[in-house]
Amino acid sequence: MDDFIATGAHLVLVDVFETAGLRLMHRFGRLNDSFELSFFVPTGGHSNEDLDGVKLDIFFFYKEQDHYWNGGTEASTGEKIKYSFPPFSLCATEFFGVVVRVPCPPLPYIEANYGTEWRHPVKEWDWRWSPPNARPNGKWSAEEAPHVVWIAPFWRDALPRD
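Numbering follows the numbering used here, with no gaps: position 45 of the sequence shown is 1190.
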(Lines of atoms letter the chains of each structure in order from A and count residues from 1; the text may use other names and numbers.)
(Lines give C-alpha, C1' and ligand atoms only; values in the text may rest on other atoms or scores of the structure.)
Protein backbone atom coordinates (compact mmCIF):
# COMPACT_ATOMS: atom_id res chain seq x y z
CA MET A 1 0.00 0.00 0.00
CA ASP A 2 2.79 2.43 0.88
CA ASP A 3 4.41 1.95 -2.54
CA PHE A 4 1.02 2.42 -4.21
CA ILE A 5 0.45 5.73 -2.41
CA ALA A 6 4.02 6.94 -2.85
CA THR A 7 3.82 6.53 -6.63
CA GLY A 8 0.51 8.39 -6.91
CA ALA A 9 -1.01 5.30 -8.53
CA HIS A 10 -4.41 6.10 -6.99
CA LEU A 11 -4.58 9.18 -9.25
CA VAL A 12 -3.75 7.09 -12.32
CA LEU A 13 -6.42 4.60 -11.25
CA VAL A 14 -9.10 7.31 -11.34
CA ASP A 15 -7.93 8.50 -14.78
CA VAL A 16 -7.88 4.98 -16.22
CA PHE A 17 -11.33 4.12 -14.88
CA GLU A 18 -12.86 7.38 -16.08
CA THR A 19 -11.29 6.95 -19.52
CA ALA A 20 -12.95 3.51 -19.63
CA GLY A 21 -16.37 5.08 -18.97
CA LEU A 22 -16.65 4.66 -15.21
CA ARG A 23 -17.61 7.81 -13.32
CA LEU A 24 -16.06 8.59 -9.95
CA MET A 25 -19.10 8.90 -7.69
CA HIS A 26 -17.42 9.40 -4.34
CA ARG A 27 -14.09 9.55 -2.56
CA PHE A 28 -13.87 9.06 1.19
CA GLY A 29 -11.05 9.22 3.71
CA ARG A 30 -7.39 10.07 3.47
CA LEU A 31 -4.71 8.02 1.76
CA ASN A 32 -3.48 6.88 5.18
CA ASP A 33 -6.91 6.36 6.75
CA SER A 34 -10.10 4.77 5.38
CA PHE A 35 -9.45 5.69 1.75
CA GLU A 36 -12.20 4.53 -0.62
CA LEU A 37 -13.08 5.24 -4.22
CA SER A 38 -16.46 4.36 -5.70
CA PHE A 39 -17.22 4.37 -9.38
CA PHE A 40 -20.50 4.17 -11.26
CA VAL A 41 -20.99 2.34 -14.54
CA PRO A 42 -24.24 3.38 -16.25
CA THR A 43 -26.14 0.49 -17.83
CA GLY A 44 -29.03 2.55 -19.16
CA GLY A 45 -29.00 6.09 -20.43
CA HIS A 46 -26.34 8.52 -19.41
CA SER A 47 -28.44 11.34 -17.97
CA ASN A 48 -28.60 12.23 -14.29
CA GLU A 49 -32.24 11.14 -14.24
CA ASP A 50 -31.28 7.60 -15.32
CA LEU A 51 -28.91 6.29 -12.67
CA ASP A 52 -29.36 2.61 -13.40
CA GLY A 53 -26.02 0.94 -13.33
CA VAL A 54 -23.38 -0.87 -11.38
CA LYS A 55 -21.40 0.56 -8.46
CA LEU A 56 -17.78 -0.49 -8.01
CA ASP A 57 -16.20 0.17 -4.59
CA ILE A 58 -12.44 0.11 -4.17
CA PHE A 59 -11.24 -0.08 -0.58
CA PHE A 60 -7.63 0.56 0.35
CA PHE A 61 -6.15 -1.76 2.97
CA TYR A 62 -3.79 -0.92 5.81
CA LYS A 63 -1.35 -3.32 7.47
CA GLU A 64 -1.12 -3.58 11.26
CA GLN A 65 1.06 -5.95 13.31
CA ASP A 66 -1.35 -8.90 13.21
CA HIS A 67 -4.14 -7.92 10.82
CA TYR A 68 -5.16 -5.82 7.83
CA TRP A 69 -8.04 -3.39 7.81
CA ASN A 70 -10.04 -1.14 5.57
CA GLY A 71 -12.35 1.67 6.51
CA GLY A 72 -15.80 2.90 5.68
CA THR A 73 -17.27 6.37 6.07
CA GLU A 74 -20.91 7.24 6.63
CA ALA A 75 -21.09 10.35 4.45
CA SER A 76 -23.97 12.04 6.26
CA THR A 77 -22.41 11.85 9.74
CA GLY A 78 -18.66 11.47 9.14
CA GLU A 79 -18.74 8.30 11.24
CA LYS A 80 -15.81 5.96 10.50
CA ILE A 81 -16.00 2.16 10.60
CA LYS A 82 -12.99 -0.18 10.68
CA TYR A 83 -13.23 -3.66 9.13
CA SER A 84 -10.44 -6.01 10.28
CA PHE A 85 -9.17 -9.04 8.34
CA PRO A 86 -6.60 -11.74 8.96
CA PRO A 87 -3.45 -11.15 6.88
CA PHE A 88 -3.72 -12.32 3.28
CA SER A 89 -1.80 -12.23 0.04
CA LEU A 90 -3.23 -11.70 -3.42
CA CYS A 91 -3.68 -14.53 -5.91
CA ALA A 92 -4.79 -14.41 -9.52
CA THR A 93 -8.07 -15.96 -10.61
CA GLU A 94 -10.27 -15.73 -13.66
CA PHE A 95 -13.60 -13.94 -13.27
CA PHE A 96 -15.86 -13.98 -16.34
CA GLY A 97 -12.82 -14.26 -18.58
CA VAL A 98 -10.87 -11.49 -16.83
CA VAL A 99 -7.86 -12.23 -14.63
CA VAL A 100 -8.26 -10.45 -11.30
CA ARG A 101 -6.42 -10.55 -7.99
CA VAL A 102 -8.30 -11.79 -4.94
CA PRO A 103 -7.44 -12.33 -1.26
CA CYS A 104 -5.65 -15.63 -0.75
CA PRO A 105 -6.65 -17.78 0.96
CA PRO A 106 -10.19 -16.51 0.30
CA LEU A 107 -12.17 -18.27 3.04
CA PRO A 108 -10.76 -16.38 6.07
CA TYR A 109 -11.35 -13.10 4.22
CA ILE A 110 -14.95 -14.04 3.32
CA GLU A 111 -15.71 -15.22 6.86
CA ALA A 112 -14.24 -12.07 8.41
CA ASN A 113 -16.48 -9.91 6.22
CA TYR A 114 -19.65 -12.05 6.03
CA GLY A 115 -19.44 -14.52 8.92
CA THR A 116 -19.18 -18.30 8.97
CA GLU A 117 -22.74 -18.62 7.63
CA TRP A 118 -21.89 -16.64 4.48
CA ARG A 119 -23.45 -19.29 2.22
CA HIS A 120 -26.92 -18.56 3.63
CA PRO A 121 -28.86 -15.57 2.22
CA VAL A 122 -29.32 -12.59 4.54
CA LYS A 123 -32.55 -10.66 4.04
CA GLU A 124 -31.44 -7.45 5.76
CA TRP A 125 -27.86 -6.23 5.50
CA ASP A 126 -26.51 -2.92 6.75
CA TRP A 127 -23.18 -2.24 5.06
CA ARG A 128 -22.00 -0.42 8.17
CA TRP A 129 -22.69 -2.83 11.03
CA SER A 130 -23.78 -6.20 9.62
CA PRO A 131 -20.23 -7.39 8.86
CA PRO A 132 -18.95 -9.25 11.94
CA ASN A 133 -15.59 -7.49 11.61
CA ALA A 134 -17.08 -3.96 11.86
CA ARG A 135 -15.94 -1.71 14.71
CA PRO A 136 -16.41 2.03 15.37
CA ASN A 137 -13.30 3.97 14.37
CA GLY A 138 -14.05 7.55 15.36
CA LYS A 139 -15.54 10.33 13.31
CA TRP A 140 -14.22 12.85 10.81
CA SER A 141 -14.43 16.34 12.29
CA ALA A 142 -16.43 19.15 10.70
CA GLU A 143 -13.12 20.74 9.71
CA GLU A 144 -11.93 17.51 8.02
CA ALA A 145 -15.24 16.75 6.29
CA PRO A 146 -14.68 18.87 3.14
CA HIS A 147 -11.37 17.04 2.58
CA VAL A 148 -12.46 13.48 3.39
CA VAL A 149 -16.05 13.27 2.09
CA TRP A 150 -16.50 14.09 -1.60
CA ILE A 151 -19.62 13.09 -3.52
CA ALA A 152 -19.90 13.78 -7.25
CA PRO A 153 -22.66 16.26 -8.13
CA PHE A 154 -24.43 13.76 -10.42
CA TRP A 155 -24.76 11.36 -7.49
CA ARG A 156 -25.36 13.96 -4.75
CA ASP A 157 -28.26 15.42 -6.74
CA ALA A 158 -29.85 11.96 -7.03
CA LEU A 159 -29.76 11.22 -3.29
CA PRO A 160 -33.09 11.26 -1.44
CA ARG A 161 -33.72 14.45 0.50
CA ASP A 162 -35.12 14.41 4.03
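We treat Cβ as the ideally placed atom computed from N, Cα and C, and that holds for glycine. The structure displayed is predicted, hence computed values, not measured ones.
Buried or exposed: residue i, going by 16 or more other Cβ atoms within 10 Å of its Cβ?
i: PHE1240; result: exposed
i: ALA1237; result: exposed
i: ASP1307; result: Since pLDDT at ASP1307 reaches only 48, below the 50 mark, its modelled position is unreliable, and the value read off the structure follows with that caveat. The residue in question, ASP1307, is exposed, as its Cβ has fewer than 16 Cβ neighbours within 10 Å.
Please report how far the alpha carbon of residue i lies from the alpha carbon of residue j, in whole angstroms.
i: ILE1296; j: LYS1200; result: 14 Å
i: ARG1175; j: GLY1260; result: 28 Å
i: CYS1249; j: SER1234; result: 5 Å
i: PRO1231; j: TRP1214; result: 9 Å
i: VAL1161; j: GLY1223; result: 28 Å
i: PHE1173; j: VAL1186; result: 19 Å
i: ASN1258; j: PRO1298; result: 30 Å
i: VAL1159; j: ALA1165; result: 10 Å
i: VAL1382; j: PHE1204; result: This structure cannot speak to residue 1382, because the chain is shown only from 1146 to 1307.
i: VAL1157; j: ASP1178; result: 19 Å
On the premise that residue j lies in contact with residue i, defined as a C-beta separation below 8 Å, what is that separation, rounded to the nearest angstrom?
i: VAL1293; j: TRP1300; result: Actually they are not in contact, since the Cβ atoms of VAL1293 and TRP1300 sit about 17 Å apart, beyond 8 Å.
i: GLU1219; j: ARG1273; result: 6 Å
i: LYS1225; j: GLY1216; result: 6 Å
i: MET1170; j: PHE1184; result: 6 Å
i: SER1221; j: ASN1278; result: At roughly 23 Å, the Cβ-Cβ gap does not stay under 8 Å, so SER1221 and ASN1278 are not in contact.
State the start and end residues of the unbroken beta strand (DSSP E) segment that holds residue i.
i: SER1181; result: Looking at the sequence provided, one finds Glu at residue 1181 rather than Ser. 1178-1187 is the extent of the beta strand (DSSP E) around GLU1181.
i: HIS1171; result: 1168-1175
i: PRO1266; result: Careful: PRO1266 lies outside any beta strand (DSSP E) and carries neither H nor E.
i: ARG1280; result: 1279-1284
i: ASP1202; result: 1198-1204
Go to residue i, then tell me how far its alpha helix (DSSP H) extends in each direction, as first and last residue.
i: GLU1256; result: 1251-1259
i: PHE1162; result: 1154-1164
i: ALA1290; result: 1290-1293
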